[in-house]
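Since the structure comes first, as structure tokens, the remarks are kept for the end.
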Amino acid sequence: ITSISWRAWISREARDPTLLVNCANNSVCLFRVMDREGGLQLKRKLNVRHKSSHFLVRSTFCPIMSFRQGACIVTGSEDSSVYFLDIERESKAVVNKLQGHACPVLGVSFNYDESLLATSDYQGLVIVWSREKS
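When we follow the working numbering, the leftmost residue of the sequence shown carries the number 850, and every step to the right adds one.
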């Protein structure tokens, strides 16, 4: 496990507490928290592009997207890209891909209103991405 993120609920349709777990085995897993004792149920497993398990790649929930139809997460990747994944889609979960790093992207973090996304890579480069206003 390389990162864990928690949300009380992730979308209008999925109002259960949810854990987002980034695993070193090329996957991001979403678990539904079943009860107060911490019982977990695997809701979804998404594959991500890792070449090895040498890097501690992290993922996070997209804050504002959680209030729209569906729900998204963002994850770094060893292929030097940043991926946005729609966790409600049964197939082709990748909805956007950012490229700008030259080595594995290890960290991802949004500001409070999702207007900025900071990503960091293995060499220490931090890129702050600004969302285009529509």
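Positions of the beta carbon are idealized from the N, C-alpha and C atoms, including for glycine.
Nothing here was measured: the structure is a model prediction, and the numbers come from that model.
- For R881, the enclosing beta strand (DSSP E) stretches over residues S876 to V882.
- Annotation for I976: G949 and T968 place their beta carbon closer than 6 Å to its own, counting only its chain and skipping 5 residues before and after.
- Judged by DSSP in its simplified three-state form, S940 adopts coil rather than helix or strand.
- Counted as a single uninterrupted DSSP element, the beta strand (DSSP E) harbouring Q890 occupies residues L889 to N896.
- Annotated three-state conformation of C872 is strand, per DSSP.
- Look at D935 here: in three-state DSSP terms it is strand.
- The Cβ-Cβ distance between L895 and L934 falls below 7 Å.
- Within the same chain, S964 come within 6 Å of R980 by CB-CB distance, once the 5 residues on both sides are set aside.
- With respect to F904, E886 sits apart: the two C-beta atoms are not nearer than 7 Å.
- Of all alpha-carbon atoms in L868, C911, R881 and S929, the one lying nearest the alpha-carbon of D962 is that of C911.
- With a cutoff of 7 Å on beta-carbon distance, R938 and G925 are scored as not near each other.
- No Cβ-Cβ contact shorter than 7 Å links S930 with A951.
- When C-alpha distances from N960 are compared across C872, T909 and S876, the shortest belongs to T909.
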